[in-house]
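Peer 1: Just dropping this structure here.
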Amino acid sequence: ASGGMSDAAGRALETLRRVFGYDAFRPGQQEIIETVVSGGDALVLMPTGGGKSLCYQIPALVRRGTGIVISPLIALMQDQVDALRALGVRAGFLNSTQDFDERRVTEAQFVAGELDLLYLAPERLRVPATVELLDRGTISLFAIDEAHCVSQWGHDFRPDYLMLSGLHERWPDVPRIALTATATEATRAEIASRLGLEQARHFVASFDRPNIQYRIEPKTDAKRQLLHLLQTEHKGDAGIVYCLSRNSVEKHAEFLTQNGIEALPYHAGLDAQVRAANQARFLREDGLVIVATIAFGMGIDKPDVRFVAHLDLPKSVEGYYQETGRAGRDGLPSTAWLAYGLQDVVNLRKMIDGGEGDAAHRRRQSQHLDAMLALCEAVECRRVQLLNYFGQSGEPCGNCDTCLTPPETWDATVPAQMVLSTVVRLDRERRQKFGAGHIVDILLGKKNAKVIQFDHDSLKVFGIGTDLRDAEWRAVVRQLLAQGLVAVESNHGCLVLTDASGDVLRGERKVMMRREPERATARAAKAAK
Ligand code: ADP
Ligand code: ZN
Numbered sequence: 024a025s026g027g028m029s030d031a032a033g034r035a036l037e038t039l040r041r042v043f044g045y046d047a048f049r050p051g052q053q054e055i056i057e058t059v060v061s062g063g064d065a066l067v068l069m070p071t072g073g074g075k076s077l078c079y080q081i082p083a084l085v086r087r088g089t090g091i092v093i094s095p096l097i098a099l100m101q102d103q104v105d106a107l108r109a110l111g112v113r114a115g116f117l118n119s120t121q122d123f124d125e126r127r128v129t130e131a132q133f134v135a136g137e138l139d140l141l142y143l144a145p146e147r148l149r150v151p152a153t154v155e156l157l158d159r160g161t162i163s164l165f166a167i168d169e170a171h172c173v174s175q176w177g178h179d180f181r182p183d184y185l186m187l188s189g190l191h192e193r194w195p196d197v198p199r200i201a202l203t204a205t206a207t208e209a210t211r212a213e214i215a216s217r218l219g220l221e222q223a224r225h226f227v228a229s230f231d232r233p234n235i236q237y238r239i240e241p242k243t244d245a246k247r248q249l250l251h252l253l254q255t256e257h258k259g260d261a262g263i264v265y266c267l268s269r270n271s272v273e274k275h276a277e278f279l280t281q282n283g284i285e286a287l288p289y290h291a292g293l294d295a296q297v298r299a300a301n302q303a304r305f306l307r308e309d310g311l312v313i314v315a316t317i318a319f320g321m322g323i324d325k326p327d328v329r330f331v332a333h334l335d336l337p338k339s340v341e342g343y344y345q346e347t348g349r350a351g352r353d354g355l356p357s358t359a360w361l362a363y364g365l366q367d368v369v370n371l372r373k374m375i376d377g378g379e380g381d382a383a384h385r386r387r388q389s390q391h392l393d394a395m396l397a398l399c400e401a402v403e404c405r406r407v408q409l410l411n412y413f414g415q416s417g418e419p420c421g422n423c424d425t426c427l428t429p430p431e432t433w434d435a436t437v438p439a440q441m442v443l444s445t446v447v448r449l450d451r452e453r454r455q456k457f458g459a460g461h462i463v464d465i466l467l468g469k470k471n472a473k474v475i476q477f478d479h480d481s482l483k484v485f486g487i488g489t490d491l492r493d494a495e496w497r498a499v500v501r502q503l504l505a506q507g508l509v510a511v512e513s514n515h516g517c518l519v520l521t522d523a524s525g526d527v528l529r530g531e532r533k534v535m536m537r538r539e540p541e542r543a544t545a546r547a548a549k550a551a552k
């Protein structure tokens, strides 16, 4: 049975990536999907925007037959189906807005087994012909969206929703998944009893992990920053250090070991036996650090992971949340620490632009990165930001870095204009690789080889930025990237203007930035005591 379960997990993840283009599941999704894929019933409570749709869409794609989705949101069906079709999913709907011919085409497709998903308005089930139709095809699952409609607290669709309890009697072997964003205990109990889902697994997605202290700090010397964190706050603790590349995994595991911290590498390039052995030791022994690529962690359930450290920027908030979520499963205080720098942003942007997939896929990836950057540059509570991202609200936690050391903001309009004017001047030589570092050198008036070679010491902007230090300029450029006020050109990685840059250059838009706390780690640590 466990083999079947992990197979379900593998196929679910493969579908998430291939069809939907996402890299990681959101909280709860994976367990829910595995339950339904393996034929179990589920009752799902998740906030709006939390990602309920994938919980039935992926099982419908993985299982044989058509997933029947009961949804009262008739006005949205066309959009939902269009969006799925754009991803290559075979989807259709049946509701009262269609004419006879449209309905007949969809019905024929369903009977012929040509649909992965069929959306049905609840009132359709009142019609005996619909039930007869469903009998003629193969059904992979029933998804009951907006399941709180069965509740007594009055909804137009209540009578139709109450009829849904009959589905199970007629199709006892077809798994059912009921979903709602309405989170009260009472509503959940009523849904379970009305729909006969008492035996179903209940999933209440909670996105809040109050025992995790979220900290994100600018990367200056990642190795030293990590070592400082481990030596001052996590001596002898078990933890996970995530790196983007295999090479970086090896390097950092070695570095920690040399500095008296027992660390094991884990990445897909290692011999399978070594990998399994390292994982087993991490699970079994106390106080080991594992340095890993994101390949590590799927299905790892070690309760006492005291810290998760990221040395590179995750590609999405989903990934960040999932990876940091491996800390503190035992509920004890734990640290989620991330160091990120200008180069991270540049690298990820280049990876997205040069990566696989069509324009829509790249745009989605780019939006995910933007959300991650917004979290990094946030001036408010990190936890609140995370909760908001997943559609939940919260109060400032008093425990994250921004709560403990509220970042100051400053008016960076003038430095922003300096960077953008330099970008404009270099734009004419776009074939050359003038990255962020070169721009900072020009602003600081450094006569290095590259500056001299291209005669950039004769530019008007040469040396006009000596009020800020090198690190401060890098922070400015990084935040300009995060705010979408400059972009990275994909071929050579030069900085280029965006649509929004003009407003700044013309002085029509003020640019506020986060001031870097000098020693964020040390201060947060002190405050935490
Ligand atoms: P809900 O039905 O719970 O309100 P949706 O299913 O519409 O939420 O999902 C909200 C948004 O989150 C959608 O844009 C969806 O594509 C996105 N989303 C869902 N799951 C993931 C994931 N694992 N990774 C990235 N984005 C996701
Ligand atoms: Zn906070």
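Numbering (UniProt numbering), first residue to last: 24 to 552. Glycine included, C-beta positions come from ideal geometry on N, C-alpha and C.
For E240, does the three-state DSSP call read helix, strand or coil?
Peer 2: strand
Peer 1: Assuming A261 and L311 are in contact, meaning their beta carbons sit under 8 angstroms apart, how far apart are those beta carbons, in whole angstroms?
Peer 2: 6 angstroms
Peer 1: Just to confirm, is the Cβ distance from T436 to V527 under 8 angstroms?
Peer 2: yes
Peer 1: What are the partner residues of D434, as DSSP defines its beta bridges?
Peer 2: M535
Peer 1: Can you confirm whether the stretch 519 to 535 touches the stretch 411 to 419 when touching is taken to mean that 3 or more C-beta pairs between the two stretches lie within less than 8 angstroms?
Peer 2: Flag = no, the stretch 411 to 419 and the stretch 519 to 535 do not touch.
Peer 1: If you measure from the CB of K338, is any heavy atom of ligand 1 nearer than 7 angstroms?
Peer 2: no
Peer 1: For the candidate residues D450, T210 and I317, whose alpha-carbon lies nearest to that of A291?
Peer 2: The residue with the shortest Cα to Cα distance from A291 is I317.
Peer 1: Leaving out the 5 sequence neighbours to the left and right, which residues in its chain are closer than 6 angstroms to A47 when beta-carbon positions are compared?
Peer 2: Spatial neighbours of A47 in its own chain (CB-CB distance under 6 angstroms, excluding positions within 5 residues in sequence) are listed in chain order as E341, G342 and Q345.
Peer 1: Do R329 and H257 count as a contact pair if the criterion is CB distance below 8 angstroms?
Peer 2: yes
Peer 1: What are the boundary residues of the alpha helix (DSSP H) that includes V197?
Peer 2: Element bounds for V197: n/a, residue is neither H nor E.
Peer 1: Excluding five sequence neighbours on each side, which residues of the same chain lie with their C-beta closer than 6 angstroms to the C-beta of G44?
Peer 2: H384 and R387
Peer 1: Name the two residues that bound the continuous alpha helix (DSSP H) containing Y344.
Peer 2: V340 to T347
Peer 1: Could you pull the DSSP bridge partners for L202 from this structure?
Peer 2: V67
Peer 1: Taking the alpha carbon of V457 as the reference point, which residue from V369, S389 and R538 has its own alpha carbon closest?
Peer 2: Sequence inspection shows Phe at residue 457; the Val mentioned does not correspond to that position. For the residues V369, S389 and R538, the minimum Cα distance to F457 belongs to V369.
Peer 1: DSSP on P82, reduced to helix/strand/coil?
Peer 2: helix
Peer 1: In the DSSP assignment, what residue or residues form a beta bridge with T89?
Peer 2: Per DSSP, I162.
Peer 1: Nearest CA to the CA of L143: which residue from R159, E137, L99 and V173?
Peer 2: Nearest to L143 by C-alpha distance, out of R159, E137, L99 and V173, is L99.
Peer 1: Just list the beta strand (DSSP E) runs in the stretch 473 to 518, keeping only unbroken ones of 3 residues or longer that don't cross its boundaries, in chain order.
Peer 2: 509 to 511
Peer 1: Taking a contact to mean a Cβ-Cβ separation below 8 angstroms, would you say L68 touches A228 in this structure?
Peer 2: Going by C-beta atoms, L68 is nearer than 8 angstroms to A228.
Peer 1: Check whether the Cβ of Q52 sits closer than 7 angstroms to any heavy atom of ligand 1, and report yes or no.
Peer 2: yes
Peer 1: Hey, L164 and P95: beta-carbon distance below 8 angstroms or not?
Peer 2: no
Peer 1: If you measure between the beta carbons of I375 and L398, is that distance less than 8 angstroms?
Peer 2: no
Peer 1: On the three-pair Cβ rule with 8 angstroms, is the stretch 125 to 132 touching the stretch 105 to 117?
Peer 2: yes
Peer 1: Going straight from the alpha carbon of V264 to that of Q222, what length do you get?
Peer 2: 40 angstroms
Peer 1: What are the boundary residues of the alpha helix (DSSP H) that F413 is part of?
Peer 2: Counting along the chain, F413 falls outside any alpha helix (DSSP H), and DSSP gives it neither H nor E.
Peer 1: Residues in its own chain within less than 6 angstroms of L396 by CB, not counting five upstream and five downstream?
Peer 2: A505
Peer 1: Quick one: what does DSSP say H225 is sitting in, helix, strand or coil?
Peer 2: strand
Peer 1: In whole angstroms, what separates the C-alpha of R497 from that of G530?
Peer 2: 22 angstroms
Peer 1: Which one or two residues does DSSP pair with F330 in a beta bridge?
Peer 2: G262 and T358
Peer 1: Let me check you understand the geometry: is the CB of N422 closer than 7 angstroms to at least one non-hydrogen atom of ligand 2?
Peer 2: yes
Peer 1: Please determine whether the Cβ atom of P419 lies at a distance below 7 angstroms from any heavy atom of ligand 2.
Peer 2: yes
Peer 1: Quick one, which of R193, R217 and V534 has its alpha-carbon nearest E155's?
Peer 2: Comparing Cα-Cα distances from E155 to each of R193, R217 and V534, the minimum goes to R193.
Peer 1: What are the start and end residues of each continuous beta strand (DSSP E) run of 3 or more residues lying completely inside the stretch 258 to 325, in chain order?
Peer 2: With a minimum length of 3 residues, the continuous beta strand (DSSP E) runs that stay inside the stretch 258 to 325 are 262 to 265, 286 to 289 and 312 to 315.
Peer 1: Could you check whether P145 and I93 sit closer than 8 angstroms to each other, using their CB atoms as the reference points?
Peer 2: Contact annotation: I93 and P145 have beta-carbon atoms nearer than 8 angstroms.
Peer 1: Might you give, ordered along the chain, the residues of its own chain that have their beta carbon closer than 6 angstroms to the beta carbon of P326, omitting 5 neighbours on each side?
Peer 2: R352 and D353
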